[in-house]
Amino acid sequence: MRTICSRLLFALVILTALPSASCSGGKQTLLPYSTTPSFSTDPFFPGQEGGDFGTGLALADINGDGFKDMVVSSGNDKALQHVTVYLNRQDGTFPENPDWISGDTDHHGTLAVGDINGDGFNDVAVSVFLGKGLEYEKGGIKVYYNQRGTLNPLPSFTDTGYPSFGCALGDIDGDGDLDLAVACGEPIPEVESFATQECSRKAKTKRTNVKKSSRTDNPQPPFKVQNRIYINQSGSYSAQPDSVWLTEDSFVSMAVTFGDVNTDGLMDVIFDSAPVRLYLGRLGTTPAITPGWTSEDQNYYGNGIDYAPSIHLAPSQPDTVPTIAASSNCYMGKGRGGFSLYRFLAPFVIQYEPRTSWPTWSSKYGGWGSAIRMADLNKDGNLDLITHRWNPPGRNELAGTLLVYLGNGSTYPDTWDWSSSDQYTSIIEAIDLADLDKKALAQGIYETNIDDSKWGEEQDGQSVFYVGPQIIEEISMVKRWSQASGWVQLQAGKDYTFVPGRSWVSFAAPLRRGNKVQIVFMVSPELDIVYTNWNCDKGNFIYNYQPNATH
Ligand SMILES: [Ca+2]
Ligand SMILES: [Ca+2]
Ligand SMILES: [Ca+2]
Ligand SMILES: [Ca+2]
25 MRTICSRLLF ALVILTALPS ASCSGGKQTL LPYSTTPSFS TDPFFPGQEG GDFGTGLALA
85 DINGDGFKDM VVSSGNDKAL QHVTVYLNRQ DGTFPENPDW ISGDTDHHGT LAVGDINGDG
145 FNDVAVSVFL GKGLEYEKGG IKVYYNQRGT LNPLPSFTDT GYPSFGCALG DIDGDGDLDL
205 AVACGEPIPE VESFATQECS RKAKTKRTNV KKSSRTDNPQ PPFKVQNRIY INQSGSYSAQ
265 PDSVWLTEDS FVSMAVTFGD VNTDGLMDVI FDSAPVRLYL GRLGTTPAIT PGWTSEDQNY
325 YGNGIDYAPS IHLAPSQPDT VPTIAASSNC YMGKGRGGFS LYRFLAPFVI QYEPRTSWPT
385 WSSKYGGWGS AIRMADLNKD GNLDLITHRW NPPGRNELAG TLLVYLGNGS TYPDTWDWSS
445 SDQYTSIIEA IDLADLDKKA LAQGIYETNI DDSKWGEEQD GQSVFYVGPQ IIEEISMVKR
505 WSQASGWVQL QAGKDYTFVP GRSWVSFAAP LRRGNKVQIV FMVSPELDIV YTNWNCDKGN
565 FIYNYQPNAT H
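Counted from 1, the sequence shown has number 297 at position 273 by my numbering; the numbering is strictly sequential.
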């Protein structure tokens, strides 16, 4: 049991007024969370047909009051359901029923939130896994824009033609606006065995009782397609071919994330597939359509992915070893499933053939892995793995729990250190973390002088900077210094972009050698954990940070 309590420090980052109350008293606590949820939404809220198949999740401010709200997409491959928003009551609590319900329904996958059109309000992109009759080709992607604090009732952008379970927002071409990466394909190779799940009460969900692979007009799965990124054009997306970047290969991917994995200051994109595929960003244009790195193992279709520029932030010896955490799910096919870590200890793994690597760590148990995130929960400066599998190891029943593997800065133990109570089993699909009542927010300042030591040979600038610990609550101010203009304060949505909760800022104009940047941000060591439940008779759960929890 570890009781190290240290202040998060990152290279070149100054954190001021970081609260330290949580380490007082010398109480031996593994993690500052109760093993039972602090709050659950009502899965049978008015307006949703039947019980809520909660799938996608993001914590992001939608109504513009500065407090993070809960955005949820529901339906999965089980029911036609809505996208919903639960507004933070400005004290970290939420209503049991949503404050906003989309005007349309779909078989929703996961979602991504960010200010796509640069007006200062967060917009919502949602994957559509399958068409209304479970058709593969009628899945796709859609975007709800935010009108000064309220999402439009219907999406303003939609594209179809492929099944999609996951999506992510990031600036792949380094021009200061958010591009939309879409993980596509449908893996499930057999008629689903547990697609018959019934809600224990009010089981009136009008599900489309058609088994996917028994539909004569669906091709036989796995259904592989080109994965893609919609390139932001003046605040919106288009389905026109010159606005969509496509991978050369067709493959199945269930999750995608952005991250500067080769640390050259240009954003890259990672598709959780078999194998995991990394495409490297290039300054002022889109990536090559072939991967710059793939995982050596081909653990069947991934179901969750996260990226960290470092998992060892402890002030004693911080490192900058880029790390990908991937979750895979053997329900969806071959492979063992479970969780894997890919660490890039040396850049030559990406620079030279064969540009592949094995995981540096894999969980002892495989299984039906799903969502995965990295964050420091026990305040020792090392990122922990917060993850989940649908089932307990070796048991084909949908009764998973939240699992936490405590990091030591370089790897994780064989099995989890902490689990939520098995009295509250779940089928978790998405996890997000934030300080929902903002009570422990502290300011951090990131400053750097731009040099070209990590740039590629022809590269003459960089656009993306990681500013601090893994989860950032807010970006407060961004300044740029140049010889010609001195310090200039920049404008969000015009001069730079970011997405809520992530720790990077991406600039519209590349930073050149000799420039300086200063970024003021807010961070919290007291993160609440939120996840969606795909069980139709369970709501979405919040585990509040509790300094006096003894579990
Ligand atoms: Ca809010
Ligand atoms: Ca917006
Ligand atoms: Ca862009
Ligand atoms: Ca890069």
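For glycine and all other residues, C-beta sits at the position ideal for the given N, C-alpha and C.
Closer than 7 Å: is that where the CB of residue i sits relative to any heavy atom of ligand 3?
{"i": "I196", "result": "yes"}
{"i": "N559", "result": "no"}
{"i": "N256", "result": "yes"}
At the level of alpha carbons, what is the spacing between residue i and residue j?
{"i": "V523", "j": "V137", "result": "7 Å"}
{"i": "Q250", "j": "K463", "result": "44 Å"}
{"i": "L39", "j": "D130", "result": "At L39 the pLDDT is 49, less than 50, meaning the model places this residue with poor confidence; the figure from the coordinates comes in the next sentence. Cα to Cα, the separation comes out at about 44 Å."}
{"i": "I253", "j": "A82", "result": "20 Å"}
{"i": "G468", "j": "A338", "result": "15 Å"}
{"i": "L426", "j": "D296", "result": "21 Å"}
{"i": "A192", "j": "D292", "result": "12 Å"}
{"i": "N572", "j": "Y57", "result": "8 Å"}
{"i": "I410", "j": "E377", "result": "33 Å"}
{"i": "Y448", "j": "S64", "result": "11 Å"}
{"i": "K166", "j": "A84", "result": "18 Å"}
{"i": "D321", "j": "I335", "result": "22 Å"}
{"i": "K503", "j": "F247", "result": "46 Å"}
{"i": "Y325", "j": "I294", "result": "13 Å"}
{"i": "A19", "j": "R413", "result": "Absent from the model: residue 19. The displayed extent of the chain is 25 to 575, so no value can be given."}
{"i": "A516", "j": "N170", "result": "16 Å"}
{"i": "C29", "j": "P342", "result": "Below a pLDDT of 50, predicted positions are generally treated as unreliable, and C29, at 34, falls in that range; no measurement from the model is reported."}
{"i": "E471", "j": "L514", "result": "15 Å"}
{"i": "M278", "j": "P383", "result": "19 Å"}
{"i": "C649", "j": "E421", "result": "Absent from the model: residue 649. The displayed extent of the chain is 25 to 575, so no value can be given."}
{"i": "N327", "j": "I396", "result": "9 Å"}
{"i": "K403", "j": "L551", "result": "10 Å"}
{"i": "Y366", "j": "D330", "result": "11 Å"}
Exposed or buried, which one is residue i when buried takes at least 16 other CB atoms within 10 Å?
{"i": "Q494", "result": "buried"}
{"i": "V95", "result": "buried"}
{"i": "K92", "result": "buried"}
{"i": "Q507", "result": "exposed"}
{"i": "N568", "result": "buried"}
{"i": "R526", "result": "buried"}
{"i": "F372", "result": "exposed"}
{"i": "R419", "result": "exposed"}
{"i": "F34", "result": "Unreliable placement is indicated for F34, whose pLDDT of 40 sits below 50; the coordinate value is still reported in the next sentence. Answer is buried; the Cβ neighbour count reaches 16."}
{"i": "M501", "result": "exposed"}
{"i": "R172", "result": "exposed"}
{"i": "I313", "result": "exposed"}
{"i": "G157", "result": "exposed"}
{"i": "S340", "result": "exposed"}
Assuming residue i and residue j are in contact, meaning their beta carbons sit under 8 Å apart, how far apart are those beta carbons, in whole angstroms?
{"i": "G586", "j": "V488", "result": "Nothing about residue 586 can be read from this structure; the chain reaches only from 25 to 575."}
{"i": "G391", "j": "P417", "result": "6 Å"}
{"i": "R379", "j": "W479", "result": "Between W479 and R379 the Cβ distance is about 19 Å, and since that is not below 8 Å, they are no contact."}
{"i": "S530", "j": "Y520", "result": "6 Å"}
{"i": "S274", "j": "V206", "result": "In fact, because the Cβ distance is near 14 Å, the residues do not count as touching under 8 Å."}
Within the same chain, show all residues whose beta-carbon is closer than 7 Å to that of residue i, passing over the 5 residues directly before and after it, in chain order.
{"i": "W442", "result": "L54, L55, V428"}
{"i": "R306", "result": "L290"}
{"i": "G362", "result": "S352, S386, S387, Y389, G390, G391, G393"}
{"i": "G485", "result": "L307, P534, L535, R536"}
{"i": "I125", "result": "G71, H106, T108"}
{"i": "W440", "result": "L427, V428, Y429"}
{"i": "D115", "result": "D461"}
{"i": "P67", "result": "G75, D76, C560, D561, K562, G563"}
Can you tell me whether residue i sits near ligand 2, meaning its C-beta is under 7 Å from at least one heavy atom of the ligand?
{"i": "D139", "result": "yes"}
{"i": "Y261", "result": "no"}
{"i": "Y169", "result": "yes"}
Spatial neighbours of residue i within its chain, please: CB distance less than 8 Å, with the 5 preceding and 5 following residues excluded, ordered by chain position.
{"i": "N100", "result": "F77, T79, H131, H132, G133, F153, E453, W558"}
{"i": "A255", "result": "Here residue 255 is Ile; the residue named in the question, Ala, does not match the sequence. Within the same chain, I255 has close Cβ partners I196, D197, D203, Y261, S267, V268, W269, T310."}
{"i": "P70", "result": "N121"}
{"i": "D438", "result": "S387, K388"}
{"i": "V512", "result": "K503, R504, W505, S506"}
Following a CB-centred definition, is residue i positioned closer than 7 Å to any heavy atom of ligand 4?
{"i": "L304", "result": "yes"}
{"i": "L290", "result": "yes"}
Report all residues from its chain with a CB closer than 6 Å to the CB of residue i; omit the five preceding and five following residues, and keep chain order.
{"i": "A332", "result": "T347, M398, L407, Q494"}
{"i": "S445", "result": "T59, T60"}
{"i": "S548", "result": "D459, A464, L465, E497"}
{"i": "G127", "result": "P177, L178"}
{"i": "N141", "result": "G259"}
{"i": "D476", "result": "R537"}
{"i": "Y355", "result": "W392"}
{"i": "S364", "result": "A350, P383, S386"}
{"i": "G431", "result": "I335, N406, L407, D408"}
Is there a Cβ of chain B sitting closer than 8 Å to that of residue i, yes or no?
{"i": "V107", "result": "Chain labels in this structure do not include chain B; a single protein chain is all it has."}
Output the residues surrounding ligand 6, defined as those with a CB atom closer than 5 Å to any ligand heavy atom, in chain order.
-> Of the ligands this structure carries, namely ligand 1, ligand 2, ligand 3 and ligand 4, none is ligand 6.
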